[in-house]
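Report on the structure given below.
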Amino acid sequence: MIKRSSDECRDADYDLASICETLHSRMKSSISLWTCLSKNIASTYMLFLNKDLDTCVYERDVAINVIDALSKGCIEARVVPSAHLVSSIIRCLTQPIISFTNHKGSPVATVHTVGIEPIPSRLPLDELEHINSVMSKGSIRIGKLVGCNEIEARLTPDHVFKHILIVGSTGSGKSTTAAVLATEAARVGFRVVVIDWHGEYRHILASVKDVDIKYTNPLLATIPKHMNFSEIVLKEPLAFIEILEAGLELTPAQVHILEDALNILRQKGMRGYIIDLVADIVHSSPSSARWYTESREALLRKLKPLTSQYLSVNWSKCNYVDPRPHSITIFDVSSIPNIRVRKILSSLLIKSLAIDAQYSKERAPLMVVVDEAHNIFESRNPVCMLVAEVRKWLFGFVLISQAPSMISPIVLKNTNTKIIHALKTSQDISALLSNIVVDKDLAKTIHTLKPGEAYLSIPEIEKPLRVKVDLGLIGVKM
């Protein structure tokens, strides 16, 4: 509302308080008044608050006519778009200090600028109530809803078992989000294993004091206890072969030789690093044909980067770390120079953890965080099939990627919870949005998310929620 500046309006006898009293007696909606004073203009904004949008719009239009009539046209009332209204109020609240004086010129009050920028929620009250009801059931905290700090974003263990995908461009905050999830899961009793592609989680989690953080690195002679791989060879030798076949791009003839070597190994017994034992058997196997000799030599060349000698790791002297409830075990593969070796060792560890979860009598829940998951969960890798199987063993994945378009479609479909940080490429955005319900306006804002902000998509809530990840949960001061 703006007072007109004509001569007749300057002398007009009207009272804004009386107008508001008249409106109050007629309206069902609550009315909030904001008066903003600046060097150039003095305006009063009238906000109508009602659960029913139609009632709100109707009473707003009635109010415009009442104001015009009672002020005899001296107050102009018009509809202001919500975006303009919000920006105007923020500008009003954050302008330089305003001093008020009485009619004698003496100062009577000073108003200081507001220290924060208010962001009103765009969600209807009934939606907020539903969201709050869903979030209150969770025990794994993430952060707060943007625009509604009273509601804390939380996930349940069941969200973990149905798998979580975290995506975002470099620097968007996806690694710290994963660290928050890992820490919160450990706090509620999960065993957490982090496959650390870039060697950053030890630093990210350095300020966490109430969770046992265990660091492992094969080049420093510490590894998770599941890295001996004997359980895979004994219980699921075919899975071991399939992982090497995909990771090393083996030919059918090379797969045949590898399978024979594993059969011999299982009969002789396994004491030592499995890859070394397999390589020794392949090397000593007699060759009866030229194709066999050529395939055997090619297989040995492909196995070589996985051997103890190549990696400079004495596996038999490594200290084994057992992932326990209320702890996080970091498996740092960043110091392994060969990317293919990283993929295979990570895949074998994942499969070994899955076998342990399947057959173990101890059913403490397990969260496996996989950094740069597009390197491992690509379509050719058989570990992709695990996402559809491991839930019943209280096993959940948290997959992190800056390139979701490179992840197997079956994996994308089987990650029911998605945390979307800023993405830049249209290809990655399209690959992601094909699996969740997102309106066009929201899709256009994905690339504008600030570091630490993300859209949270869970099955219980129809549309993704914008959240601010709380780094204080991992001891980082905001």
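In the numbering used here, the protein residues as written are 733 to 1210. Here a beta-carbon is modelled for each residue, glycine too, at the ideal position from N, C-alpha and C.
Proximity to residue i [Cα-Cα], best of the options
i     : options                       : result
Q1134 : G805, G905, C768 and T787     : G905
Y933  : V1073, V1101 and G1128        : V1101
L937  : L877, P956 and L913           : L913
H930  : E1185, I1132, L1126 and K941  : I1132
Q760  : K783, L1035, R1112 and K967   : For the sequence presented, residue 760 should be read as Lys rather than Gln. Taking only the C-alpha atoms, the option nearest K760 is K783.
M1099 : S1040, V1119, E1192 and S1111 : V1119
L1197 : G1207, T1149 and S1162        : T1149
E859  : K1200, L1032, L1203 and K1195 : K1195
A1089 : F893, L779, C806 and T902     : F893
S1200 : C768, H756 and K876           : According to the sequence shown, residue 1200 is Lys rather than Ser. Checking every option, the nearest Cα to that of K1200 belongs to K876.
L1144 : K804, I896 and Q1041          : I896
T902  : E1121, C1116, L802 and D1103  : D1103
R1123 : T1147, E963, S1111 and Y1042  : T1147
I1139 : L1080, I1108, P1097 and C806  : I1108
A1086 : V1053, F1127 and T983         : F1127
P1069 : R919, G921 and P950           : P950
Element boundaries [alpha helix (DSSP H), containing residue i]
i     : result
N797  : L785 to L802
Y1042 : S1040 to L1043
Y933  : Y933 to I936
E1185 : Where E1185 is concerned, there is no enclosing alpha helix (DSSP H), although the beta strand (DSSP E) it sits in stretches over E1185 to S1189.
I874  : Premise fails: I874 lies in the beta strand (DSSP E), I872 to L877, not in any alpha helix (DSSP H).
V1199 : Note, V1199: premise wrong, no alpha helix (DSSP H); beta strand (DSSP E) at L1197 to V1201.
Backbone CA spacing between residue i and residue j [nearest angstrom]
i     : j     : result
V846  : G979  : With a pLDDT of only 44 at V846, under 50, the local geometry of the prediction cannot be trusted, and the value read off the model is given with reservation. Going by the C-alpha atoms only, they are around 57 Å apart.
L1205 : I1190 : 21 Å
I975  : H862  : 44 Å
K1182 : A1154 : 7 Å
I1013 : L990  : 9 Å
I1216 : F1063 : Since the first residue of the chain shown is 733 and the last is 1210, residue 1216 is not available in this structure.
W1023 : A985  : 8 Å
E849  : T776  : Unreliable placement is indicated for E849, whose pLDDT of 41 sits below 50; the coordinate value is still reported in the next sentence. Approximately 20 Å between the Cα atoms of the pair.
I1082 : N864  : 35 Å
L785  : V812  : 16 Å
N1113 : E916  : 30 Å
I1178 : K1000 : 56 Å
T1157 : K1049 : 45 Å
L765  : T908  : 41 Å
I1142 : V987  : 25 Å
A971  : V866  : 39 Å
R1028 : P1037 : 15 Å
P852  : F780  : Here P852 scores only 46 on pLDDT, less than 50, and its place in the model should not be relied on; the value that follows carries that caveat. For P852 and F780, the distance between alpha carbons rounds to 14 Å.
M959  : L1043 : 14 Å
Q1159 : A1186 : 18 Å
I799  : L857  : 29 Å
P969  : H1106 : 25 Å
D793  : C806  : 17 Å
V924  : S1078 : 15 Å
W1047 : A1163 : 40 Å
R1003 : A993  : 15 Å
Y790  : N797  : 11 Å
L1203 : K869  : 21 Å
Unbroken beta strand (DSSP E) run spanning residue i, endpoints
i     : result
N1107 : It is not in any beta strand (DSSP E) - N1107 carries neither H nor E in the DSSP assignment.
N1051 : N1051 to V1053
R886  : C880 to L887
K1209 : No beta strand (DSSP E) holds K1209; DSSP gives it neither H nor E.
K1150 : T1149 to I1152
Contact with chain C by residue i, beta-carbon distance below 7 Å
i     : result
N1051 : Among the protein chains of the structure shown there is no chain C, as only one such chain exists.
At 3 residues or longer, and completely inside the segment 891 to 960: list those beta strand (DSSP E) runs for me, N to C. 896 to 899, 923 to 928, 944 to 948 and 954 to 956
Assess, as a yes-or-no matter, whether the segment 941 to 955 is touched by the segment 1055 to 1062 under the definition of 3 or more beta carbon pairs within less than 8 Å. yes
If we require 4 or more residues per run, which alpha helix (DSSP H) segments fall completely within the segment 960 to 1030? 962 to 967, 969 to 980, 984 to 1000 and 1006 to 1016
Could I get the ranges of all uninterrupted alpha helix (DSSP H) runs contained in the segment 1052 to 1138, with 4 residues as the minimum, in chain order? 1071 to 1091
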